[in-house]
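Visitor:
Protein chains: 2
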Amino acid sequence: MLKGNAIVGQSGGPTAAINATLAGVIRGALAAECIGTVYGMRNGIEGLLEERVVDLGKLFGSEDDLKILEQTPAAALGSCRKKLPKPDSEDGADKELYRRLFEILEGLNIRYFFYIGGNDSMDTVAKLSVYAEKAGVEMRIVGVPKTIDNDLALTDHTPGFGSAAKYIATTMSEIIRDCSVYKVKAVTIVEIMGRDAGWLTASSAIGRVVNGFSPDYVYLPERSFDMESFYSDIEKAFEKHPNVVVAVSEGLRFADGRYVGEGTQSGVTDAFGHKYLAGTGKALEMSVREHFGCKARSVELNLPQRCAGHLISLTDIEESVKIGRSAVEAAVTGVSGVVMVFRRAEGEKYVCEIDSASVRGIANVTRYVPDEFITEDNNNVTDSCCEYLLPLIKGEYPIKYRDGMPVHAIIE
Amino acid sequence: MLKGNAIVGQSGGPTAAINATLAGVIRGALAAECIGTVYGMRNGIEGLLEERVVDLGKLFGSEDDLKILEQTPAAALGSCRKKLPKPDSEDGADKELYRRLFEILEGLNIRYFFYIGGNDSMDTVAKLSVYAEKAGVEMRIVGVPKTIDNDLALTDHTPGFGSAAKYIATTMSEIIRDCSVYKVKAVTIVEIMGRDAGWLTASSAIGRVVNGFSPDYVYLPERSFDMESFYSDIEKAFEKHPNVVVAVSEGLRFADGRYVGEGTQSGVTDAFGHKYLAGTGKALEMSVREHFGCKARSVELNLPQRCAGHLISLTDIEESVKIGRSAVEAAVTGVSGVVMVFRRAEGEKYVCEIDSASVRGIANVTRYVPDEFITEDNNNVTDSCCEYLLPLIKGEYPIKYRDGMPVHAIIE
């Protein structure tokens, strides 16, 4: 059994579940007999290079502290977006970076290295594994996925996605309620995150299989966007009711590859001013107002999609904790250079198992919404898509509040 | 004791608590011996003129149904923005409108009329009361306030405001967590509703007295906005930390009266394109990027502020129910032409009592954030402001969920 200390870092964009995974890693490492101190690196690999580390066992000594950590959104250790050089680089500065990194790790007697992040972060895990092996460093290096985008390969879904999906499905149902109060013709366009893959935008439709109402249309970045079809869709919806609500991905593009947010094919192009002014929702809002002459507005769900810690999915948080703990258990049994993944069991009942896979298969790969989840008209998701999504948003985490606000764990 | 039927309507913009007040009116009316059928008008006075009414006793026959109604955001009966003509108008069409309205009410044997709305809706209540008195119609007409804006006169606060404030305070604390993960210099501008009064924007600061963190600055529409002071504020914040977060009201104006969202005094004015492109947050985001050359982004909290039924204040919902019920009780005792109001008792402990006041004192009047709640630098709210706000967001309503989403009551 490999004895020594462990270190864990967080990297990439924040989610509402990344600290739940951190809590899982801490629990697993504190429980492992072969692991001594459990360090946390501040701001990922970037902070590690500056030797900014904390003792997580001291900071989160009780189960109560860990529960607060679980419900805290955004990376409690801080994050970074540093890309490591190739592990076999012959460049002097690159070699020095790796040498220094492993010197710091050696100084802390680290034998277990955990990195929680998206596919850029898994690139870091892959490179460190290659370097360590080449240099003969005895260290177990394991990645744990997180991303609200749900676009990682090899895994059925990603930790953090379920909570974002729950927020989006719920907020969309509330926006639909809000839009339904007047009888005036109006189009409301809700812009949702996910530049390449449409998983988050698809989640806005879950209400359909829960309470029977969902946006009239859902446009994913997996399909090219056509302005005439969009107008024709809205006309059809107006035949049914005056309040039309559509969900659009921030990453929608026209057939020629231009982002919808950059400009449109309609006559209002000139009105956009500078490019950075118009997001996808705003661009479509202006086009609709111009084309139909009706009330139009856009809502960008923005940062709350990834940090709404007050509305997290119990399923997501429990799985996120479990995958963190499983990472430690896997490392203790001897694996390295792997990423932990979720596998959904076959059958009607939702059962999710945790496994590991080679980290090289997940780094820098995007998993898109498959064809069978998108309707033939390219303007909505199928019921089977909603059924895939539904188990991931189920259950409500019992948030601890103080004076009317959720309590957060903060590492100074 | 005046015997007959009751009718209730909802009017103006949606809130997350307006249905809680409806539930209170329904409970009060069903319990009153002198009241027979409890009607609901669809889309307020506008739907009433089209005789679109429902029997609320039948729709919400059980306490379970009423509980679901309480947690449903946005006006379940639908809303309208109709302004009634003067009750003493000599115009033929105006006279006909009043005649027809009271004919419909007489046909339903209405003796109790309740209208839930903001100050435009209280104008409706005032006019109907004057007309009824003049015409010798025996009818008790009572207004019940609602608005997320908290800007009504005579009342300590408004039903619906506490839930919006809780959503804003919580979401702001989550955004601050999200912004804190990187070490890169960045300014995040959060735009909050409230065109004239800054109560909602002020709520973003509540975290300061709960968990010690809140936006660096809070700019209210009660003060004119100065671009140079704003830049200087941000410079000071950068001396303390790299992640600056500010809250701004959508209604901010420069000293010359122009809205900040219409254009700025900085050199980027030309970049705005058409006026409707830039909200206050977006305009300031562009100005900051230009001035500091740093990362800048804006988040518009938008519709969820008023319809986030999943995060409602228990205090607000309980008070909203109670003021609805109290309206019925007041009407039964004989008052008319009044609006129900909240009075906060003196003393440290928060105690809120319900009273009634002449509706003429509330219609068309705006209550602003007072001077003692705004700091001398005009860039934040005082602790006493936070202490006024805090009791209103306390407590969490036990939301009923089904399959991961809150259940809503829908009147078809």
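Protein sequences, first through last, are from chains R and E.
Residue 345 in our numbering sits at position 264 of the first sequence, and the numbers go up by one each step.
Residue 168 in our numbering sits at position 87 of the second sequence, and the numbers go up by one each step.
Cβ coordinates follow ideal geometry from the N, Cα and C atoms, glycine included.
1. Alpha carbon to alpha carbon, how far is E/A156 from R/Y248? Give it in angstroms, no decimals.
2. So what's E/M486 in DSSP terms, helix, strand or just coil?
3. Using DSSP with H/G/I as helix, E/B as strand and the rest coil, what is E/I492?
4. Which residues bound the beta strand (DSSP E) around R/N324?
5. Are the beta-carbon atoms belonging to R/S295 and R/S330 less than 9 Å from one another?
6. State the DSSP-derived secondary structure class of E/F353, mapped to helix, strand or coil.
7. Kindly indicate if chain R contains any beta-carbon less than 9 Å away from that of E/H489.
8. In its own chain, which residues sit with a C-beta less than 6 Å from the C-beta of E/D175, not counting the 5 before and 5 after it?
9. For a contact meaning CB atoms closer than 8 Å, what does E/I256 contact in chain R?
10. Could you round the C-beta distance between E/F319 and E/W280 to whole angstroms and report it? I think they count as a contact, below 8 Å.
11. Relative to chain R, which residues along the segment 441-467 of chain E have a C-beta separation below 9 Å, given in chain order?
12. Looking at the structure shown, is R/T269 part of a helix, part of a strand, or coil, going by DSSP?
13. Can you list, in chain order, the residues of its chain whose CB lies under 6 Å from that of E/R221, leaving out five sequence neighbours each side?
14. Do we get a CB-CB distance below 9 Å when we pair R/D259 with the residues of chain E?
15. Which chain R residues sit within Cβ distance under 7 Å of E/P95?
16. R/D436 by DSSP, collapsed to three states: which one?
17. Could you compute how far the alpha carbon of E/F423 sits from the alpha carbon of E/G442?
18. Over the uninterrupted alpha helix (DSSP H) stretch that includes R/N100, give me the two end residues.
19. In the structure shown, what three-state DSSP assignment does R/A155 receive?
20. Starting from R/P472 and walking both ways along the alpha helix (DSSP H), at which residues does that stretch end?
21. At which residues does the alpha helix (DSSP H) containing R/V402 begin and terminate?
22. Could you tell me the distance, in whole angstroms, from the CA atom of R/G288 to the CA atom of E/M486?
23. Hey, quick one: how far does the alpha helix (DSSP H) through R/Q364 stretch, first residue to last?
24. Have a look at the DSSP bridge pairing and note the partners of R/V419.
25. Is there contact here, the segment 98-109 of chain E with the segment 133-148 of chain E, by at least three beta-carbon pairs under 8 Å?
26. So what does DSSP say about E/S285, is it helix, strand or coil?
27. Only counting the same chain, and skipping five residues up and downstream in sequence, which positions put a Cβ closer than 8 Å to that of E/Q386?
28. Considering only the alpha carbon of each residue, which of R/Y179, R/I116, R/Y196, R/A278 lies closest to R/Y300?
29. List the residues of chain E whose Cβ lies closer than 7 Å to the Cβ of R/A156, in chain order.
30. What in chain R is Cβ-close to E/A250, meaning under 7 Å?
31. Quick check on the burial criterion: 16 or more other C-beta atoms within 10 angstroms. Buried or exposed for E/E457?
32. Mind pulling the chain R residues with CB within less than 9 Å of E/S394?
33. Quick one: what does DSSP say E/S261 is sitting in, helix, strand or coil?
34. According to the Cβ coordinates, are R/I88 and R/T205 closer than 9 Å?
35. What does E/L309 pair with, by DSSP beta-bridge criteria?
36. For chain E, check one thing: does any of its Cβ atoms lie closer than 9 Å to the Cβ of R/T153?
Guide: Based on what the coordinates show:
1. 22 Å
2. strand
3. coil
4. 324-330
5. no
6. The predicted model places E/F353 with a pLDDT of 29, which falls under 50 and marks its position as unreliable; any figure quoted below should be read in that light. Helix.
7. yes
8. P166
9. L384, P385, C388
10. Wrong, their Cβ atoms sit about 29 Å apart, outside the cutoff.
11. none
12. strand
13. Y193, A412, S417
14. yes
15. D259, V262
16. strand
17. 14 Å
18. 99-112
19. coil
20. 464-474
21. 395-414
22. 8 Å
23. According to the sequence provided, residue 364 of chain R is Ala. The question's Gln does not apply to it. Per DSSP, R/A364 belongs to the alpha helix (DSSP H) from 361-373.
24. R/V223, R/S439
25. yes
26. coil
27. I229, A245, Y248, I249, I273, M274, L281
28. R/A278
29. V262
30. M486
31. exposed
32. G485
33. coil
34. no
35. The sequence shown places Glu at residue 309 of chain E, rather than the Leu named in the question. Per DSSP, none; premise fails for E/E309.
36. yes
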